[in-house]
Amino acid sequence: DGLSDLESFLRQARQGRASFTQVVTPPRREGEAAPRSKTSSGSFEFLRPSRFRFHYLKPFEQQIVADGQTLWLFDADLNQVTARKQQEVLGNTPAALIATASDLKALSGLFTLANAPDADGQQWVLATPKSRDGQLQSVRLGFRQGQLATLEMLDGFGQRSVMQFGPLDTQAGLKPGHFAFQPPPGADLLRQ
Amino acid sequence: CASPPLAAPVTTGASEQASQGPWSGRLSLQVDSEPPQGFHAGFELLGNAQAGELRLYSPLGSALASARWSADSAWLLRGDEQRAYPDLATLTAALTGAALPVSELFQWLQGHPAQPPGWTVQLGPADGRMLARRLEPAPSATLRLILDRPQP
Numbered sequence: 041d042g043l044s045d046l047e048s049f050l051r052q053a054r055q056g057r058a059s060f061t062q063v064v065t066p067p068r069r070e071g072e073a074a075p076r077s078k079t080s081s082g083s084f085e086f087l088r089p090s091r092f093r094f095h096y097l098k099p100f101e102q103q104i105v106a107d108g109q110t111l112w113l114f115d116a117d118l119n120q121v122t123a124r125k126q127q128e129v130l131g132n133t134p135a136a137l138i139a140t141a142s143d144l145k146a147l148s149g150l151f152t153l154a155n156a157p158d159a160d161g162q163q164w165v166l167a168t169p170k171s172r173d174g175q176l177q178s179v180r181l182g183f184r185q186g187q188l189a190t191l192e193m194l195d196g197f198g199q200r201s202v203m204q205f206g207p208l209d210t211q212a213g214l215k216p217g218h219f220a221f222q223p224p225p226g227a228d229l230l231r232q
Numbered sequence: 485c486a487s488p489p490l491a492a493p494v495t496t497g498a499s500e501q502a503s504q505g506p507w508s509g510r511l512s513l514q515v516d517s518e519p520p521q522g523f524h525a526g527f528e529l530l531g532n533a534q535a536g537e538l539r540l541y542s543p544l545g546s547a548l549a550s551a552r553w554s555a556d557s558a559w560l561l562r563g564d565e566q567r568a569y570p571d572l573a574t575l576t577a578a579l580t581g582a583a584l585p586v587s588e589l590f591q592w593l594q595g596h597p598a599q600p601p602g603w604t605v606q607l608g609p610a611d612g613r614m615l616a617r618r619l620e621p622a623p624s625a626t627l628r629l630i631l632d633r634p635q636p
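In the order they appear, the protein sequences are chains A and B. Going by our numbering, the first sequence opens with residue 41, and the numbers climb by one from there. Going by our numbering, the second sequence opens with residue 485, and the numbers climb by one from there.
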């Protein structure tokens, strides 16, 4: 079931690399025919326990990199880098769920975890953040034959974001240095 | 009024107020205070200077906060917190570190570069991009804004 898939995923996939496609759909606004969803895509890499990278390529380039101490956010168009202390930010974010949590026990300190009904040929886990900062209502993780396939986020405004992963390569030989982030020359650096 | 206005209605009245939107994109604000402050988020802007909504998103796409305003009130909604502010300038100053010239922002988004007091504005180079520098009041600040290219 979902929980056992999540548990073995956390234990076995100590590192991984996969492409992703993300579709974000805002809640329908009154007077609006259909909500306008936005699609983006890129690559996702992680190395437990504290490193990951979401590298968006389309429709614009953006990197979110956790190097173990600092969470870097780079927006190529804005030529802007924001740096924050990792532990101040990551807590109960979806990234913590799939990339930096060391095991189910650690995760259940941040989220209430429960099995959710099978759907789309996947076994699901529903994770509800324990801290009531209200930014995230819930996160759902989908596993197909034990492999992480979908990360679904529902935020405080009822906006739904569905991130679907391609095949996960867990033998990519990723080293900590691979997650070092160097702000590009000329980019503005903001430390928060 | 005691509670925030509902999400701004999409079809605002005709008359000159009808900016509407929604415009979406990313904005970053850098305030040269001591220590410097930075704010960087995706956004969706709707309505006009008299009544509207500004939603701010994290890079992964989840909502951070929403500002809603009408003629006599401005509210910041963040998680379960709903806080009233006398006006949009004080609200945006509390949220980002500098009072954002929202009414001029609506004019910029329609391609008319308005110069709010204390700010200099550059539209472009490519379309949908804007750079605004605040010289006074101190500390100086830089606002960068990029509109998402409409998705096919």
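Just so it is clear, CB atoms sit at the ideal spot from N, CA and C, and this is done for glycine as well.
- Residue pairing of A/VAL165 in beta bridges, as defined by DSSP: A/ASN155 and A/LEU181.
- In the three-state reduction of the DSSP assignment, A/LYS145 falls in the helix class, which pools H, G and I.
- Chain-order list of chain B residues neighbouring A/SER201: LEU544, GLY545 and SER546, by C-beta distance under 9 Å.
- Contact residues of the region 109-128 of chain A toward chain B are LEU113, ASP115, ASP117, LEU118, GLN120 and THR122 (C-beta to C-beta distance below 7 Å).
- At least one CB of chain A lies nearer than 8 Å to the CB of B/GLY522.
- From the beta-carbon of A/ILE104, the residues of chain B found nearer than 8 Å are PRO543 and LEU544.
- With its beta carbon at least 8 Å from every one in chain B, A/PHE151 lies outside the interface.
- In the displayed model, A/THR65 falls within a strand according to three-state DSSP.
- Membership of A/GLN126 in any beta strand (DSSP E) is not indicated; the residue belongs instead to the alpha helix (DSSP H) covering 126-129.
- Under the Cβ distance rule, B/SER517 does not count among the residues neighbouring chain A, no pair being separated by less than 8 Å.
- In terms of CA proximity to B/SER512, B/PRO543 leads the group B/ALA610, B/SER550, B/TYR569 and B/PRO543.
- Proximity of chain B to A/ASP173 at the Cβ level (cut-off 7 Å) is accounted for by GLY563, in chain order.
- For A/GLN232, the nearest beta carbon of chain B is closer than 8 Å to its own beta carbon.
- Note that the region 102-117 of chain A touches the region 216-223 of chain A; at least 3 beta-carbon pairs, one per stretch, sit closer than 8 Å.
- Of the residues assessed, B/LEU619 falls on the exposed side of the cut-off, its CB having fewer than 16 other CB atoms within 10 angstroms.
- When C-beta distances to chain B are compared with 9 Å, the residues of the region 51-66 of chain A below that value are GLN62, VAL64 and PRO66, in chain order.
- B/ARG613 is positioned such that its CB atom lies no closer than 8 Å to that of B/TRP603.
- Per the DSSP secondary-structure output, A/GLN120 pairs in a beta bridge with A/ASP115 and A/ASP228.
- DSSP places A/PHE49 in the helix class (H, G or I) of the three-state scheme.
- Spanning the alpha carbons of A/SER77 and A/GLU192 requires a straight line of approximately 14 Å.
- Chain order gives the chain B residues near A/LEU176 as SER546, where near means a beta carbon separation below 7 Å.
- In the structure shown, A/PHE221 falls within a coil segment according to DSSP collapsed to helix, strand and coil.
- Note that the region 75-95 of chain A touches the region 50-66 of chain A; at least 3 beta-carbon pairs, one per stretch, sit closer than 8 Å.
- Distance between B/LEU593 and A/ASP45, taken at the CA atoms: about 47 Å.
- By the neighbour-count criterion, in which 16 or more other beta carbons inside 10 Å mark a residue as buried, B/THR576 falls on the buried side.
- Between A/PHE94 and chain B, the shortest Cβ-Cβ separation is below 8 Å.
- Shown here, B/ALA555 sits in coil according to DSSP, grouped into three states, outside any helix or strand.
- Taken atom to atom, the span from the alpha-carbon of B/ARG633 to that of B/PHE527 is near 13 Å.
- Remark: C-beta atoms of A/GLN62 and B/ALA547 do not approach each other more closely than 8 Å.
- At a cut-off of 8 Å between beta-carbon atoms, A/ASP107 makes no contact with chain B.
- Here A/ALA136 carries a helix assignment [DSSP, helix/strand/coil].
- The beta carbon of A/VAL202 lies closer than 6 Å to those of VAL63 and GLU192 in the same chain, with the five residues before and after it left out.
- Nearest CB-CB separation between B/GLN514 and chain A: below the 8 Å threshold.
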